[in-house]
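J.: In this note's numbering, the protein residues as written are 145 to 1012. All C-beta atoms, glycine included, are put in the ideal place defined by N, C-alpha and C.
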Amino acid sequence: MPAKPKVTILPSYESGTFRFSSDTVQTNYLDYVVTDGTQTVTGIVRVDVASPPDANTKPITVPKTVFVQTLRNERIDVAGTDVDPAGGVLLVTGISNLAPNSGVRAEVLEQRLVRVSLDAPLEHPVTFNYRITNGLADAQGVITVVEIPTPARLQPPVANDDNVMVRVGQAIDIPVMANDEDPDGLDLTLATKLDEPLPDDSGLLFASGKVLRYLAPDRTGNFTATYRVTGPDGQAASARVIIAVREADTATNNAPVPRTATARVIAGETVRVKIPLTGIDPDGDSVQLLGQSTNPEKGAVIGVEADTIVYQAGQYSAGTDTFSYVVIDSLGARATGTVRIGISPRLDGARNPVAIVDEVTVRPGVTVTVQVLANDSDPDGSPLSIISAKPNDDVTKAKVVGDVVEVTPPKAPGSYGVIYAIENDTGGTSQNFIRVTVDPNAPLARPVATDTVLSLSDVLDRDHVTVDVMANVFFADGDPRTLDLSVYPGFTNAAQVTSNKRIEVTVGAKSQIIPFKVTHPDDASVFTYAFIRVPGYDDALPQLDHRAPPLSVTSGEQLVIDLNDYVIAVGGKHVRLTDSNTVHATHANGTSLVQDDDTLVYTSADKYFGPASISFEVTDGSSATDPNGRTAILVMPITVLPRENQPPDFGGAVLEFEPSQEKVIDLVKLTNYPYINDVDQLAYSILSPLPVGFTYELHGQTLTLRANSDAVKGSSTAISVGVRDDHSEGQSGRIKMSVVQSTRPLLSPAPDTANVKRGTSSVIDVLANDQATNPFPGKPLTVVAIRGIGGGSLPAGVQVDPSADKSKLTVTISSSAQPGDVSLQYEVADATNDPDRYVWGSVTISIQDRPDPVSNLAASGFGDHSGT
145 MPAKPKVTIL PSYESGTFRF SSDTVQTNYL DYVVTDGTQT VTGIVRVDVA
195 SPPDANTKPI TVPKTVFVQT LRNERIDVAG TDVDPAGGVL LVTGISNLAP
245 NSGVRAEVLE QRLVRVSLDA PLEHPVTFNY RITNGLADAQ GVITVVEIPT
295 PARLQPPVAN DDNVMVRVGQ AIDIPVMAND EDPDGLDLTL ATKLDEPLPD
345 DSGLLFASGK VLRYLAPDRT GNFTATYRVT GPDGQAASAR VIIAVREADT
395 ATNNAPVPRT ATARVIAGET VRVKIPLTGI DPDGDSVQLL GQSTNPEKGA
445 VIGVEADTIV YQAGQYSAGT DTFSYVVIDS LGARATGTVR IGISPRLDGA
495 RNPVAIVDEV TVRPGVTVTV QVLANDSDPD GSPLSIISAK PNDDVTKAKV
545 VGDVVEVTPP KAPGSYGVIY AIENDTGGTS QNFIRVTVDP NAPLARPVAT
595 DTVLSLSDVL DRDHVTVDVM ANVFFADGDP RTLDLSVYPG FTNAAQVTSN
645 KRIEVTVGAK SQIIPFKVTH PDDASVFTYA FIRVPGYDDA LPQLDHRAPP
695 LSVTSGEQLV IDLNDYVIAV GGKHVRLTDS NTVHATHANG TSLVQDDDTL
745 VYTSADKYFG PASISFEVTD GSSATDPNGR TAILVMPITV LPRENQPPDF
795 GGAVLEFEPS QEKVIDLVKL TNYPYINDVD QLAYSILSPL PVGFTYELHG
845 QTLTLRANSD AVKGSSTAIS VGVRDDHSEG QSGRIKMSVV QSTRPLLSPA
895 PDTANVKRGT SSVIDVLAND QATNPFPGKP LTVVAIRGIG GGSLPAGVQV
945 DPSADKSKLT VTISSSAQPG DVSLQYEVAD ATNDPDRYVW GSVTISIQDR
995 PDPVSNLAAS GFGDHSGT
């Protein structure tokens, strides 16, 4: 594609796309050429660049309809399908007008998705609303939920071949499942074992989660392997991955084509922006993130990691923030990408996170470690922590260990439950179950290993480095230190395993990728791989010294930064700026940022306080233009402290109570206050009007709230809280309180199956495997309704009758019933017998009998010794 004036065009020839940008209002005609290898054709694309509308224009919402199978869930990319006229990033801020007994549950995920769960059969479509904002204006959208029946027979997955390119000695991740699908919309699983592995000496290829990871050999060639994807019912499909390994050639090297990275955050909060580095290089080179090349305006970049930019929004920011980042491929070609951050003002009151049921299966005698936070979420993107884990019986043990829960169930086969609770940074809580099934035939847990990436400060002035790779290994069946550790064959000259299960790496002139293997101690066939990435002396770029103290300065005062106190280079070389024009800062006062070629000066804008940063490009060469110098773009976060006292701001909360329930609240957690070391100055008071139906006690910074015993389900009220410090009165806020029948998590019925012969009856104890998630242990569950699949009537020849105590189902199959699988649904009530807490479970009945006699046979043709 030929270049055009006042236009930026970034083509991606591999994907057949290009990215267009321009700041000039005009009509552009772009020529492009396509070829099939023998002939070429020229085409034209017209792009009209229009003046952007006012940023305060409301988003345009598009009505959405989601089709959900019975007792399943679907996700809707709400922010991706609505439109902001000004081109800003949209954020989903809440759900409204969804009745609690509608049978539909909706949750906001990542501030852009809505997860719709169908918890009960629907009599008719259900409609609810959501709020969406560009940070400056918001709008209301509508989602309609339509139930569709679960298919009587699931279709097999569809897998498609993948083609990738990579340089010799480089490692890539291959998203083989991106072009695979399940026709019924169910989740697929990538098999851990390849159907057909690569030939010998063709590199290392292994499955990891939803991708295949590949480390290319030091020779070129075309290599093929076959992988398999599996549906939830065990049906599978296979496809090939065809890998072209090419020689490293700088003469024909193409620069990477970075993708736009988008994230969302609440004002004043921090978000980790994942930068896509896989699949962005047309030559298959590995790509490294260098850092930002321009600064944001509404916040600050406070950290840059291997594939992540850490961004903190300003306390009073709103709208869309944009800045650029730079990547470099393994042959030195650089390219610039864009980061877009949508910032929403703080909402009134903290919102609760969403905890999802976790299910694990273990062998008897195993203490299982459960990563419960992996499938939990917070609607505002706040970090989550585990605050408790309580067994649902007297024979199971559970304890919280950091960000996981360790559960020791009895050795007897069966299902056991644990109720765990999580909390976000603003005090919002949620709870749900861990269901642990003890099964002597359970598969052994496969270790999960992540890469260990060493920085320059890890290897500086050292010939050997000891790496604790086990710190980045998760093992559900026990301590990762019990796993066997080995270095992949062919790499033992560069790395050896020590006696205490660490890997000693030899640091060389060039960067290295060293694969290692962790293996289950009870079965050598259960293993996984990961990489150690080691910088080399000759190709390591200058980096920030993580041992240096953080930068902070009072608003309006000058901060002098000696680069060599904060930046390190190979061999202890001094670093200097490549050009003063590469220095940029956020929230600065506009004066010069450069004192000399290795000293920066920062002064904040008048009265500004909060996160800031300064970015620059340095070289370790003998001069700014030394061609042998290695250059890097770096960013240093700066904390700007307020010059005058800033009053505290009480953010509030939203809480649910059972009648007579009491909750103790740490008010400091709900207060925005910039002086972390002075929170003991905060003093609180209760303001009028007082809450109705609740009592309270305020002791210092702790508030105890208690719902009255006669509190009515569905009622709500609020308590106003004032706050001040030693210098001034702060901004008051409210804690909203509502009364529910129970705050315990809902029952989560486990699926049931049964085989029944035609002409017979069978009793199914459908509640037996539901006791693990009984919200009221020891109290009975009861079946209150039975329906056919999709909420319809039972099939002909099938009769279901509940027992007298409504705990079991008697299934009677007539002799004329059609053989095959029949799915039924049953509704369960817990001890509260509250219709809002009723849940549905499913049971699949396999109607079995001898096959009917073959009939209607007729000869249609004869041949040599054969008949048709």
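1. Name the residue from V697, V745, A768 whose alpha carbon lies nearest to the alpha carbon of D723.
2. Just the Cα atoms here: how many angstroms apart are R784 and R579?
3. Does the beta-carbon of E806 have 16 or more other beta-carbons within 10 angstroms, so that it is buried, or is it exposed?
4. Identify every residue that forms a DSSP beta bridge with S574.
5. Could you tell me which uninterrupted beta strand (DSSP E) segments, each at least 3 residues in length, are contained entirely in the region 413–443, listed from first to last along the chain?
6. What does a CB cutoff of less than 6 Å around G247 pick up in its chain, not counting 5 residues either side in sequence?
7. Would you mind reading off the limits of the beta strand (DSSP E) that contains S959?
8. Rank G571, G546, Y817, A499 by C-alpha distance to the C-alpha of Y112 and give the top, closest one.
9. Take every Cβ of the region 423–433, pair it with every Cβ of the region 459–479, and state whether three or more of those distances are shorter than 8 Å.
10. Take G561 and list the residues in its own chain whose beta-carbon comes closer than 6 Å to its own, dropping the five residues that flank it on each side.
11. Please state the DSSP three-state secondary structure of Q943.
12. Rounded to a whole number of angstroms, what is the C-alpha to C-alpha distance between R902 and S958?
13. Identify, in the order they occur along the chain, each residue of the same chain with its Cβ nearer than 6 Å to the Cβ of K552, setting aside the five sequence neighbours on each side.
14. Between which residues of its own chain and V907 is the CB-CB distance below 6 Å, once the five residues before and five after are set aside?
15. Using CA coordinates, which residue listed in E701, V928, S437, V270 is at the minimum distance from Y752?
16. According to DSSP, simplified to helix, strand and coil, what is D282?
17. What did DSSP end up calling N519 once you bin it into helix, strand or coil?
18. For F350 and R416, what's the separation of their Cα atoms in angstroms?
19. Can you tell me the Cα-Cα spacing of E291 and T214, whole angstroms?
20. Would you identify the three-state DSSP class for I500, choosing helix, strand or coil?
21. Distance check for A322 and Y371, CA to CA, integer angstroms please.
22. Compare the beta carbon distance of R1015 and S526 with 9 Å and say whether it is the shorter of the two.
23. Determine the DSSP secondary structure at A556, reduced to helix, strand or coil.
24. Could you name the residues of the same chain whose beta carbon sits closer than 8 Å to that of E218, not counting the 5 residues immediately before and after it, in chain order?
25. Would you kindly report the start and end of the unbroken alpha helix (DSSP H) that includes V603?
26. For A223, name the three-state secondary structure that DSSP assigns.
27. Inspect the beta-carbon positions of T464 and D524 and report whether they are closer than 9 Å.
28. Alpha carbon to alpha carbon, what distance is there between D896 and V910?
29. Any chance you could list the beta strand (DSSP E) runs of at least 3 consecutive residues sitting entirely within the region 459–485, in chain order?
30. Assuming I276 contacts P203 (C-beta within less than 8 Å), just tell me the rounded distance between them.
31. With a cut-off of 8 Å, do at least 3 Cβ pairs link the region 626–634 to the region 687–699?
32. Starting from N708, trace the alpha helix (DSSP H) in both directions and tell me its first and last residue.
33. If I measure Cβ to Cβ from Q790 and keep anything under 6 Å in the same chain, skipping five residues before and after, which residues do I get?
34. G773: buried (16+ other C-beta within 10 angstroms of its C-beta) or exposed?
35. A684 to D740, Cα distance in whole Å?
36. Among residues of its own chain, excluding the 5 on either side of R878, which ones have a beta-carbon nearer than 6 Å to its beta-carbon?
T.: This is what the structure gives:
1. Mapped onto the sequence shown, residue 723 falls at position 579. Cα-wise, what sits closest to D723 is A768.
2. What you label residue 784 is simply residue 640 of the sequence shown in a count that begins at 1. What you label residue 579 is simply residue 435 of the sequence shown in a count that begins at 1. A small correction: the amino acid at residue 784 is Val; Arg does not occupy that position in the sequence shown. Distance between the alpha carbons of V784 and R579: 47 Å.
3. Along the sequence shown, read from residue 1 onward, the residue named residue 806 stands at position 662. Exposed, since its Cβ has fewer than 16 Cβ neighbours within 10 Å.
4. For the purposes of this step, residue 574 is taken as residue 430 along the sequence shown, with counting starting at 1. DSSP output for S574 lists I566 as bridge partner(s).
5. 414–418, 431–436
6. Along the sequence shown, read from residue 1 onward, the residue named residue 247 stands at position 103. These residues qualify, in order along the chain: D263, A264, L266.
7. For the purposes of this step, residue 959 is identified with residue 815 of the sequence shown, where counting begins at 1. Neither: S959 is in no beta strand (DSSP E) and is coded neither H nor E.
8. With the chain covering 145 to 1012 only, the question about residue 112 has no answer from this structure.
9. yes
10. Numbered from its first residue, the sequence shown carries residue 561 at position 417. Excluding positions up to five away in sequence, the list reads N536, F577, R579, A916, T917.
11. Within the sequence shown, residue 943 is the residue found at index 799, counting from 1. Q943 falls in the strand class under three-state DSSP.
12. To locate residue 902, count along the sequence shown from 1; it is residue 758. To locate residue 958, count along the sequence shown from 1; it is residue 814. Straight-line Cα distance between these residues: approximately 6 Å.
13. As a position in the sequence shown, residue 552 is number 408, starting the count at 1. It is worth fixing the name first, because residue 552 is Thr in this sequence and not Lys. Taken in chain order, the residues that qualify are T511, K541.
14. Here residue 907 corresponds to residue number 763 of the sequence shown, with the count starting at 1. These residues qualify, in order along the chain: K952, T954.
15. Here residue 752 is taken as the residue at index 608 of the sequence shown, counted from 1. Among E701, V928, S437, V270, the Cα nearest to that of Y752 is on E701.
16. Stepping through the sequence shown from its first residue, residue 282 is reached at position 138. Here D282 sits in strand by DSSP.
17. Taking the sequence shown and counting its residues from 1, the one referred to as residue 519 is at position 375. DSSP places N519 in helix when its eight states are reduced to three.
18. Position 206 of the sequence shown holds residue 350. Position 272 of the sequence shown holds residue 416. Rounded to the nearest angstrom, the two C-alpha atoms are 28 Å apart.
19. Here residue 291 is taken as the residue at index 147 of the sequence shown, counted from 1. Here residue 214 is taken as the residue at index 70 of the sequence shown, counted from 1. Going from the Cα of E291 to the Cα of T214 covers about 6 Å.
20. On the sequence shown, residue 500 is found 356 positions in, with the first residue counted as 1. I500 falls in the coil class under three-state DSSP.
21. The residue you call residue 371 lines up with position 227 of the sequence shown. The residue you call residue 322 lines up with position 178 of the sequence shown. Their Cα atoms are separated by approximately 13 Å.
22. The chain is shown only over 145 to 1012; residue 1015 falls outside these bounds and no answer can be derived.
23. Translated into the one-based positions of the sequence shown, residue 556 becomes position 412. Looking at A556 - three-state DSSP - the assignment turns out to be coil, as it is neither helix nor strand.
24. Locating residue 218 in the sequence shown gives position 74, counting from the first residue. Correct list, in chain order: V210, F211, V212, R259, V260, G329.
25. Reading the sequence shown from its first residue, position 459 is the one you call residue 603. V603 -> alpha helix (DSSP H) spans 600–603.
26. Sequence index remark: in the sequence shown, residue 223 carries index 79 (1-based). In this structure, A223 counts as helix in the three-state DSSP scheme.
27. Within the sequence shown, residue 464 is the residue found at index 320, counting from 1. Within the sequence shown, residue 524 is the residue found at index 380, counting from 1. Not a contact, by the Cβ cut-off of 9 Å.
28. Numbered from its first residue, the sequence shown carries residue 910 at position 766. Numbered from its first residue, the sequence shown carries residue 896 at position 752. Going from the Cα of V910 to the Cα of D896 covers about 6 Å.
29. 463–473
30. Reading the sequence shown from its first residue, position 132 is the one you call residue 276. Reading the sequence shown from its first residue, position 59 is the one you call residue 203. Sure, about 5 Å apart at Cβ, within 8 Å.
31. no
32. Within the sequence shown, the letter at position 564 stands for residue 708. Looking at the DSSP string, the run of the alpha helix (DSSP H) that includes N708 is 707–710.
33. Numbered from its first residue, the sequence shown carries residue 790 at position 646. The answer, listed in chain order, is P818.
34. Position 629 of the sequence shown, counted from the first residue, corresponds to residue 773. By the neighbour-count rule (16 or more Cβ atoms within 10 Å), G773 is buried.
35. Start at 1 with the first residue of the sequence shown, and residue 684 comes out as number 540. Start at 1 with the first residue of the sequence shown, and residue 740 comes out as number 596. Distance between the alpha carbons of A684 and D740 is about 25 Å.
36. Position 734 of the sequence shown, counted from the first residue, corresponds to residue 878. Taken in chain order, the residues that qualify are G796, A862, S864.
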